[in-house]
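These notes concern the structure reproduced below.
Residue numbers (the working numbering), protein chains in the order written: chain A, 700 to 965; chain B, 5 to 781.
Right, here's the structure in full:
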């Protein structure tokens with residue numbers, strides 16, 4: 700009997716599939732990898748936001764979203780097309796690489812014929828009535844390099860793809876408060892370095908959100924996600940972002956990313 | 005039933021007494037086993053049937069806009085609350101509330117949770133009024149200025165004199181029936197904070213419901229045993245024997261235990277007014293026992309050679325008829341409450357009260373004779389011989405002499421009472437206020453007064469606005485209608501303020517226009533409204549307006565705050581608001597419906613008055629019919645209801661003089677007073693007829709015999725009822741207190757009426773039912 704146990708134990712330890720034998724990649728490294736992924740210099744796409752409240756009532760907003768890198772600085776502009784009451788509304792943001800420099804944001808209201816600067820939002824604030832925060836939008840599904848301490852938990856399959864499951868805890872209370880999370884789990888695709896899923900918990904430790912990123916396909920040689928589903932477990936509010944007609948190739952003029960262009964539209 | 009068949013019936017019972025006792029105990033124990041299932045429900049929603057359309061609509065409104073019965077904490081600092089310490093307290097308490105089980109952590113409204121909408125050089129910014137990290141004395145003063153600029157929160161979050169600020173916490177739906185636990189946690193939280201210059205108060209609709217459960221529990225623990233004690237004392241005086249005290253009490257126990265046990269078994273909740281039921285049953289159920297034992301002891305003296313079985317059967321032969329009639333008249337009183345009421349708590353009070361009385365009757369028929377079979381014949385010290393009359397009998401004899409000498413004076417007095425009574429009935433004030441369920445010195449009463457005096461109040465009238473299409477609430481004309489409605493209703497008395505989506509839109513418009521006061525108005529275009537909301541969402545939460553507008557902008561809620569929870573004030577506002585809506589909002593494109601606590605109150609309390617008079621009339625009619633049939637004489641039937649009619653009319657005068665409202669608790673007094681008080685008249689008529697017609701005694705002698713025997717038993721019956729109901733006067737729940745007081749007075753008046761007015765009328769009118777030539781010999 701003893702011999703049998705010994706044999707089994709040896710086999711178990713030697714088994715390359717066993718987690719004992721596995722060398723999980725460091726969490727911080729995984730986070731870095733998500734930033735190394737090619738995103739194209741610019742992209743133009745239709746962004747449809749479907750917002751649903753806890754009673755199942757929906758608001759659908761169709762927009763055109765443009766994004767371009769100016770060196771390390773990233774600029775994003777969103778033009779609303781429907782509903783008609785907000786048609787022509789434009790949102791522009793300049794996202795500076797320096798952490799110390801606040802982002803600049805403007806909103807153009809056609810009914811007022813005025814562009815309004817929006818003061819730098821807290822990173823944890825909700826983005827235009829959706830369940831994603833400004834920080835989420837800024838990272839575009841990448842994982843922050845600076846905010847968390849990571850621990851790689853295991854490899855798990857999401858939609859049949861191997862993903863690293865990493866646990867993130869904010870480095871300090873100030874960061875936690877700013878982001879609105881006390882803990883998060885990220886599932887990062889082990890080949891594409893795209894996040895496929897995340898779960899987050901609020902400061903009080905209540906389950907806050909589930910984010911799922913899906914419909915990941917190659918578009919013009921770039922791995923691209925086409926859908927983000929977010930559920931806020933506390934408010935039961937849901938958001939779906941759908942991306943269509945994604946185009947990395949068309950060269951986007953710098954002039955689109957200006958206050959003047961907001962007024963003129965596309 | 006023929007007399008010999010009745011005799012056979014009671015013979016059978018006395019033979020099988022052991023089995024009957026076992027069955028009686030089993031039924032009792034089986035019912036009582038359900039008692040732990042009994043649930044308390046003190047919500048005011050409980051006063052309406054679940055299918056009531058107004059209630060359904062209100063619940064839909066609550067569901068759509070996430071509104072709940074709030075617990076309201078007031079922080080008062082007479083030196084002003086805009087300082088570092090006070091705001092820190094607001095923050096600390098708001099945060100602590102989030103971790104209290106039953107409190108919805110996302111539905112806490114206070115200065116530390118709400119956002120300010122600020123106009124900046126760029127546009128608008130939505131941010132918390134303050135954050136703990138950078139809170140300073142200067143920052144606190146800044147918050148004060150922000151509130152000056154934010155009309156919406158004045159009188160609502162912060163009192164206009166800036167000495168009081170509110171923290172409003174809502175409960176999770178799942179805690180509906182555990183409100184008292186949530187209340188207790190909050191009360192502990194508030195009581196444990198000690199801070200110089202600061203006082204803390206807890207009130208609000210949720211708190212009132214929560215505290216009421218604890219309050220009525222404690223009250224029941226006090227009044228019920230006390231009622232039992234009082235009854236026992238009366239029985240000791242009446243018979244001075246152990247069985248004379250024990251047997252009626254067993255009946256009482258059975259009546260109360262089975263009635264409440266069955267309530268639990270049928271899943272009927274225990275409401276605030278149900279608290280009065282045990283005491284009422286204790287007082288009523290004991291009466292049958294008093295009459296049976298009185299007869300028993302009289303017979304024991306008269307027939308010293310009888311065996312126990314003979315004594316018991318003879319007693320029951322004489323008593324079955326009057327106790328059946330009196331029980332059925334009392335049941336009629338209870339059932340007429342059930343029939344005339346719209347509100348479930350009263351319907352159940354009527355049904356289970358009737359059931360309790362019926363149980364007492366059944367136990368009087370079966371259990372009492374059986375239990376007596378266990379005992380040997382016994383004489384009571386008070387019944388020494390047929391001729392000897394004790395002190396209580398003597399009192400009644402003197403009363404009888406008075407009636408024979410002065411029948412006309414008695415009649416005139418009665419007529420005066422009737423005239424005053426009708427005047428009183430016409431002036432009866434229907435009113436109700438839930439806070440009046442507590443004694444004036446309760447902390448929650450003080451908190452309620454303070455919050456109502458300092459702020460806009462916590463009595464809410466909600467107005468649901470319905471439009472047909474998505475985004476219709478961006479339309480300027482609709483927003484203007486909402487504004488018009490707000491402006492009008494705010495002019496009504498006790499309405500101190502209101503909040504709607506329009507207030508936020510106006511504030512956004514002002515913020516977008518350099519904070520200039522003249523821009524605190526509805527903007528010019530529909531699109532601009534839509535775009536303001538989008539702009540708001542650039543820095544605010546997606547769920548910020550959930551309480552005021554639904555997600556596709558078709559439905560809106562306007563919440564008006566009143567600082568009075570009194571029905572008469574609420575009703576006036578509801579009526580005037582409805583008139584205004586009918587006159588101004590006729591189109592189907594804009595529908596306004598009144599809802600919320602204030603409208604629900606106005607809806608159901610308005611039924612109280614009509615329910616009350618209907619209940620009283622049904623009770624009188626049923627009692628009249630039962631009595632007329634039992635005595636086979638309409639005259640006797642009419643005579644039976646005269647004393648109780650006078651007793652109720654007398655009470656209207658009392659209520660007028662003492663300024664007692666016709667409210668939930670008091671509205672039931674008339675039917676109960678009629679059903680209970682009529683017993684004296686029934687016994688009086690039954691016995692007088694016996695002495696006059698069957699015994700053929702001359703009038704004076706017949707009256708003499710009546711007062712000596714039946715009069716004495718009725719005196720104890722009366723004392724049991726009067727003192728029993730008076731026990732309710734020791735209740736700390738004022739409505740029960742008043743109910744007990746009124747019924748006790750009614751019992752006194754019907755007893756005096758039955759002992760004086762009835763014999764006086766018979767003496768003067770000499771109806772054939774009672775008096776023929778034999779008596780005038």
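Virtual Cβ for every residue (Gly too), placed ideally from N, Cα, C.
Quick caveat: nothing in here was measured; it's all calculated off a predicted structure.
Under 9 Å from the C-beta of residue i: neighbouring residues of chain B
| i | result |
| --- | --- |
| residue 964(A) | Those within 9 Å of residue 964(A) in chain B number zero; the least Cβ separation is about 14 Å. |
| residue 754(A) | 67, 68, 554 and 555 |
| residue 869(A) | The premise fails here: residue 869(A) is roughly 16 Å from chain B at the closest Cβ pair, so nothing lies under 9 Å. |
| residue 988(A) | Since the first residue of chain A shown is 700 and the last is 965, residue 988(A) is not available in this structure. |
For residue i: DSSP bridge partner residues
| i | result |
| --- | --- |
| residue 502(B) | 564(B) |
| residue 175(B) | 107(B) |
| residue 779(A) | 762(A) |
| residue 748(A) | 760(A) and 940(A) |
| residue 773(A) | 768(A) and 794(A) |
| residue 243(B) | Note: residue 243(B) sits in no beta bridge, so no partner. |
| residue 909(A) | 898(A) and 930(A) |
Continuous beta strand (DSSP E) stretch holding residue i: start and end
| i | result |
| --- | --- |
| residue 899(A) | 894–900 |
| residue 759(A) | 757–769 |
| residue 944(A) | 937–946 |
| residue 204(B) | 202–207 |
| residue 885(A) | 882–888 |
| residue 324(B) | Premise fails: residue 324(B) lies in the alpha helix (DSSP H), 312–344, not in any beta strand (DSSP E). |
| residue 805(A) | 803–808 |
| residue 46(B) | Segment: none, residue 46(B) is in no beta strand (DSSP E) and carries neither H nor E. |
Beta-carbon neighbours of residue i, restricted to chain A and to distances below 8 Å
| i | result |
| --- | --- |
| residue 48(B) | Here the premise fails: no neighbours, minimum Cβ distance about 26 Å. |
| residue 475(B) | 782 and 784 |
Residue i classed as buried or exposed, judged by whether at least 16 other C-beta atoms fall within 10 angstroms
| i | result |
| --- | --- |
| residue 497(B) | exposed |
| residue 440(B) | buried |
| residue 318(B) | buried |
| residue 757(A) | exposed |
| residue 4(B) | This structure cannot settle anything about residue 4(B), because the visible part of chain B is limited to 5 through 781. |
| residue 712(A) | Only weak support is given to the placement of residue 712(A): the predicted model assigns it a pLDDT of 47, under 50, and the value that follows is read from those uncertain coordinates. The residue in question, residue 712(A), is exposed, as its Cβ has fewer than 16 Cβ neighbours within 10 Å. |
| residue 270(B) | exposed |
| residue 903(A) | exposed |
| residue 749(B) | buried |
| residue 427(B) | exposed |
| residue 165(B) | exposed |
| residue 246(B) | exposed |
Same chain only: Cβ atoms within 7 Å of residue i, ignoring 5 sequence neighbours per side
| i | result |
| --- | --- |
| residue 88(B) | 139, 140, 141 and 144 |
| residue 530(B) | 478, 479 and 480 |
| residue 339(B) | 354 and 358 |
Cβ shell of residue i (< 6 Å), same chain only, five flanking positions each side left out
| i | result |
| --- | --- |
| residue 896(A) | 857, 886 and 911 |
| residue 720(A) | Below a pLDDT of 50, predicted positions are generally treated as unreliable, and residue 720(A), at 39, falls in that range; the measurement from the model is reported next regardless. Nothing listed; no residue qualifies. |
| residue 609(B) | 436 and 571 |
| residue 941(A) | 747 and 926 |
| residue 524(B) | 510 and 514 |
Partner residues on chain A for residue i, Cβ-Cβ distance less than 7 Å
| i | result |
| --- | --- |
| residue 349(B) | Here the premise fails: no neighbours, minimum Cβ distance about 32 Å. |
| residue 530(B) | 784 |
| residue 102(B) | 903 |
Run of the alpha helix (DSSP H) containing residue i, from where it starts to where it stops
| i | result |
| --- | --- |
| residue 708(B) | 703–712 |
| residue 746(B) | 738–756 |
| residue 349(B) | 348–377 |
| residue 382(B) | Here residue 382(B) belongs to no alpha helix (DSSP H), and DSSP marks it neither H nor E. |
| residue 35(B) | 21–36 |
| residue 815(A) | Not the alpha helix (DSSP H): residue 815(A) falls in the beta strand (DSSP E), residues 813–817. |
Chain-ordered chain B contacts of residue i [CB-CB under 7 Å]
| i | result |
| --- | --- |
| residue 785(A) | 534, 535 and 538 |
| residue 828(A) | 541 and 546 |
| residue 936(A) | 546 and 547 |
Listed by chain order, chain B residues near residue i by CB distance under 8 Å
| i | result |
| --- | --- |
| residue 806(A) | 127, 538, 539 and 542 |
| residue 799(A) | Result: empty, since nearest Cβ-Cβ is about 19 Å, beyond 8 Å. |
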